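Okay, so here's the structure we're looking at.
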Amino acid sequence: MMPFSSEAEAIEIANCTRYGLSSYIQAADVRRAHRVAERLEAGATMINGAPNLVVNRPFGGQGYSGYGKEGGPEVLAEFQRTKTIAMV
């Protein structure tokens, strides 16, 4: 736990790391929690609770915690390469 004076500062503190496996938010205002969660650089963010992992839900970190996801349809993108080819 670290003190912060604004929502922006809290997000900056949370994102000031090379790791990004997961993050947790405790908040009475659910809209605010979702707004903050969108800005956190983490593979998963739990709001008002403990990890809730489901087999077919994507899971994986960001930064030094790993790139890519496992589980769910998003895992297919890890084995594909998108390429645009255009002819004029």
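Under our numbering, the first residue of the sequence shown is numbered 1033, with each subsequent residue one higher. All residues carry an ideal CB built from backbone N, CA and C; glycine is no exception. Predicted model only: the values in this text are computed from it and were never measured.
query	result
Start and end residues, alpha helix (DSSP H) containing A1076	No alpha helix (DSSP H) contains A1076, which is instead part of the beta strand (DSSP E) from A1076 to I1079.
Supposed contact pair G1092 and G1075 - C-beta distance, whole angstroms, cut 8 Å	5 Å
Outcome for I1045 when other beta-carbon atoms lying within 10 angstroms are tallied against a minimum of 16	exposed
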